[in-house]
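Counted from 1, the sequence shown has number 952 at position 596 by this note's numbering; the numbering is strictly sequential.
Idealized CB from N, CA, C, for every residue including glycine.
Scroll down for the structure; my scribbles are underneath it.
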Amino acid sequence: MPQLALGKDFLAEYARLEKNTQRGVRDAITKFQGLSLTELLADKGLHLEKLDKARDARIRTIRVGAFQRGVVLAPNSGETFLLLRVLPHDEAIAWAVKQQAGVNRATQALEVQDVVTQQAITPSLERIAAASPERLFGTVSDADLGRLGVDENVLRIARLLTERGQLEAFGALLPEDQYEVLFYLAEGFTAEDVWRDVVGVRRAVAAQDAVDSDDLDSAMVRAQGRIALVEGPAELLEILERPFDAWRVFLHPSQHRTAYRDSFAGPAQVSGGPGTGKTVVALHRVNHLARRLGPGERILLTTYTGTLAQSLRENLALLVEPHLMARIDVTTVDALANRVVREHAGGRPLRVARDENERWARAIDELGLPWVVPFLAQELRHVIVAQEIRTLEAYLKANRPGRGTPLGPLQKAKVWQAVEHFDEGLAADGSRTWLGICDEAARVLSERPDKPYRHVVVDEAQDLHPAQWRVLRAAVESGPDDLFIAGDPNQRIYDSKVSLARLGIRVVGRSSRLRVNYRTTAEILGWCRSILTGQPVARLDDEGRADSLEDCHSSLHGSTPNLVATSGVEAELTALVEQVKTWMAAGVRAEEIGVAARFLSYGRKAAERLIREGVPAVVLKDGPAADAEGIRIGTMHAMKGLEFRCVAVAGVNSVAVPYLTHVTPIEIDRLQHEADLLAERCLLFVACTRAREALHVSWSGTPSVFLQGVGRSA
């Protein structure tokens, strides 16, 4: 029976189609799968037809409703067709006749490219090139370009490019794999670098195997990360009911090698900028490991916030079979630590201190100390608890990396007095801090001969404190596939000062980096990246080296971010409502829109205003169900790890971002001041990079200092 496959890019476009057109797509696909190949070719309803003057006879169209047509790639043999686009009738025909399908000789991926438009732009590129003595790829041979998968059509264009801006401008006309090769060569990577780090990870079969450029059927089968083969009506409805959710858990071929590697000899790490698919890789890694669990073994998938843990749980359920989900715990590190300590204490509930600042203030007052509350709280967090210091003697010998105020022995002794005063107060009323609970949980787990988990997978790893890492290290036996870590130091919104190597978690030789952003358009990514430009960010696995976003790029294109200055809060909320309504009128579902604010109070105001204007909205803090209707509204912190088709970031003014209450004054500790400012800057970066297609940033009054030097579009 014929089968219609759906491309990942089509799923993103399907979400934008009008409801009537979506219904026509579903009906067409269902009918498609109910016919034999002979019946399909003769069916007058679908009207699968060849096109006059088509560049590739295998590109055909089918009827989708009265005025729309779907463009499909027909197989040379076999019965799997690939749905590429759905457009109004004339636009579909005009697009289809320009396309040519083939198989990339290096990556062996299926490619469909607009060769007619490529040829049309060639004369203008020739005129520009004639006036320039330089060529962008002048030092790269034709043989190397061919070996990396650049075909003759793209080679003609590549040889005419004189600067990187041209490559980015015409990138949408090039096949994804070929554009990525050219991007990295333009960045200064050698042909060998690109072969090893880009092309090599995408090869679907052994390097010595010959590739038939016309064998589209085999290429379709190999394209696991870009094409969904729909097995039946139930699966079709599940995918098309929530196309953006299905899009989110697609695994790109460049991510597949890490996610489904048979085994790692020890802890492994995957890093990369926003939207590069670290979370998707982590989810698929859990899926891979779950299928290999032995009797009684369990997996922990963990992160640092409850909102993100809930999102991980929902997305994991799209991948993992229900009987395996029952053997996977998805929770925060703090929740795990709380459970461990509570069970160790006989099941009694733990009392968590909510007044830490008041306790420090009393210690300062009663002991007559010269420091302020933030300094002592940070000294405990970043030095004493982080280094697991138990005695004054150990503290006197300890280094204090990242702390900008020097302390001599006498001063350290006074700090230790304050710490003891703080701890004694907690003990007196049976309270604990969250880091104290983690510290105790790590000790309990380290003494247990039977570890609770066979594998631990960590998402958003950059924001975990060393005490939380010790919990995870002690929760799983050291050995193959014990820890799998996904994170991006550029998205560190809590100043955790973590070095995996210092914690005994060594990922050297088992660390990979994702470089392609599959979520965010190049326009949004470039704008967001400018927020962090010039800010050194320490890597997780090597504290002596800085991380960079310069190697992160996107081949997706769209509109530039919409920046809106308003006269007051009410005017800003009005602009927000108008923007949300515009997105929804364009076919974006309410659940595919996120609104981020620095403070929950502002988010609730936005929710009330949207609801009053007839737009459904839910606040993430209230724990809405996954299928709850409404715009998702949360703080910038709550947006971490989530993604939406469209995002509005509101209230980005000089009072809220950075929020100086959360920034250590420079006179107290210069290094901590700089670290706190960077965390605030990263927080804005994180909120903005949640957007896939559209970003709206607004403020009333004076804009945030972080927006200085960042271009405005409204």
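Can you give me the start and stop residues for the alpha helix (DSSP H) that residue i sits inside?
| i | result |
| --- | --- |
| Cys-1002 | Segment 1000-1006 is the beta strand (DSSP E) holding Cys-1002; no alpha helix (DSSP H) there. |
| Gln-743 | Taken as a continuous stretch (DSSP letters only), Gln-743 belongs to no alpha helix (DSSP H), as it is neither H nor E. |
| Asn-1009 | Here Asn-1009 belongs to no alpha helix (DSSP H), and DSSP marks it neither H nor E. |
| Ala-962 | 956-968 |
| Gly-882 | 878-888 |
| Ile-513 | 508-514 |
| Arg-1026 | 1026-1044 |
| Ile-720 | 712-723 |
| Phe-526 | Careful: Phe-526 lies outside any alpha helix (DSSP H) and carries neither H nor E. |
| Ala-941 | 925-941 |
| Gln-534 | 532-542 |
| Leu-1016 | Element bounds for Leu-1016: n/a, residue is neither H nor E. |
| Leu-649 | Note, Leu-649: premise wrong, no alpha helix (DSSP H); not H, not E. |
In its own chain, which residues sit with a C-beta less than 8 Å from the C-beta of residue i, not counting the 5 before and 5 after it?
| i | result |
| --- | --- |
| Pro-705 | Arg-698 |
| Ala-946 | Met-940, Val-971, Pro-972, Ala-973, Glu-985, Gly-986, Ile-987 |
| Gly-650 | Arg-810 |
| Leu-448 | The amino acid occupying residue 448 in the given sequence is Ala; Leu does not appear at that position. Closer than 8 Å at the Cβ level, and outside the excluded window around Ala-448, lie Thr-417, Gln-424, Arg-425, Gly-426, Val-427, Arg-441, Val-442. |
| Glu-482 | Leu-516 |
| Val-676 | Val-642, Asn-643, Ala-646, Ile-684 |
I'd like the list of long-range same chain contacts for residue i, defined as Cβ closer than 6 Å, with 5 residues on each side in sequence excluded.
| i | result |
| --- | --- |
| Thr-1020 | Pro-730, Gln-1028, His-1029, Asp-1032 |
| Ala-562 | In this prediction, Ala-562 scores a pLDDT of 34, lower than 50, which makes its location untrustworthy; the coordinate-derived value is nonetheless stated afterwards. So no residue of the chain qualifies. |
| Asp-685 | Leu-656 |
| Phe-366 | Leu-439 |
| Ala-823 | Val-741, Leu-791, Cys-794, Asp-795 |
| Gln-564 | Confidence is the limiting factor: at Gln-564 the pLDDT is only 40, short of 50, which leaves the residue's position unreliable and the question unanswerable from this model. |
| Glu-1036 | Pro-1014 |
| Val-1003 | Gly-950, Arg-1046, Ala-1047, Leu-1051 |
If you follow the beta strand (DSSP E) that residue i is part of, which residue opens it and which one closes it?
| i | result |
| --- | --- |
| Gly-628 | 624-628 |
| Val-468 | 466-470 |
| Val-975 | 973-975 |
| Arg-988 | 987-991 |
| Leu-870 | 867-870 |
| Leu-360 | 359-363 |
| Ala-950 | Here residue 950 is Gly; the residue named in the question, Ala, does not match the sequence. From DSSP, the beta strand (DSSP E) with Gly-950 extends over 949-953. |
Is it the case that the CB of residue i approaches a heavy atom of the ligand GDP more closely than 7 Å?
| i | result |
| --- | --- |
| Asn-460 | As for the ligand GDP, it is missing from this structure, which has no ligand bound. |
With distances taken Cα to Cα, identify the nearest neighbour of residue i among the options.
| i | options | result |
| --- | --- | --- |
| Asp-573 | Arg-647, Arg-613, Gly-527, Ala-457 | Ala-457 |
| Leu-1040 | Arg-788, Ala-1012, Gly-1057 | Ala-1012 |
| Trp-1055 | Ser-923, Ala-942, Glu-1036 | Ser-923 |
| Glu-749 | Val-771, Thr-761, Pro-757 | Val-771 |
| Ile-385 | Lys-406, Asn-376, Val-420 | Val-420 |
| Arg-710 | Glu-722, Leu-692, Asp-785, Leu-723 | Asp-785 |
| Gly-502 | Gln-534, Leu-516, Gln-734, Gln-522 | Gln-534 |
| Asp-1025 | Asp-470, Val-642, Ala-733, Asp-498 | Ala-733 |
| Val-728 | His-738, Asp-412, Thr-687, Asn-713 | Asn-713 |
| Ala-994 | Ala-1043, Thr-1017, Ile-967 | Ala-1043 |
| Ala-624 | Leu-820, Ala-857, Arg-875, Glu-467 | Ala-857 |
| His-821 | Pro-431, Ala-693, Ile-989 | Ala-693 |
| Ser-886 | Leu-1063, Trp-716, Ala-528 | Leu-1063 |
May I ask you to list the residues that DSSP assigns as paired with residue i?
| i | result |
| --- | --- |
| Val-814 | Thr-658, Ile-841 |
| Asp-685 | Leu-656 |
| His-1052 | Asn-918, Ala-1004 |
| Arg-707 | Ser-787 |
| Val-459 | Leu-466 |
| Glu-735 | DSSP, once it has assigned bridges, lists no residue as partnering Glu-735. |
| Ala-1047 | Phe-1000 |
| Pro-678 | The partner list for Pro-678 (beta bridge, DSSP) is empty, contrary to what the question assumes. |
| Glu-405 | Thr-417 |
| Pro-1059 | Asn-1009 |
| His-909 | Val-872 |
Taking 7 Å as the limit between beta carbons, can you name the residues of its chain near residue i, skipping five residues before and five after?
| i | result |
| --- | --- |
| Ile-1022 | His-1029 |
| Pro-765 | Leu-752 |
| Gly-380 | Val-420, Gly-421, Gln-424 |
| Arg-411 | Val-453, Lys-454, Gln-455, Gln-456, Val-471, Val-472 |
| Glu-374 | Gly-943 |
| Ser-868 | Thr-614, Val-626 |
| Thr-687 | Thr-658, Ala-665 |
**Item:** Length-filtered (3 minimum) beta strand (DSSP E) runs lying within the region 415-454
**Value:** 415-420, 424-429, 436-444
**Prompt:** Unbroken beta strand (DSSP E) runs of length 3 or more, entirely within the region 787-837: which are they?
**Reply:** 811-814
**Message:** As an exercise, report each continuous alpha helix (DSSP H) stretch of at least 4 residues that is fully enclosed by the region 469-503, in chain order.
**Reply:** 471-486, 498-503
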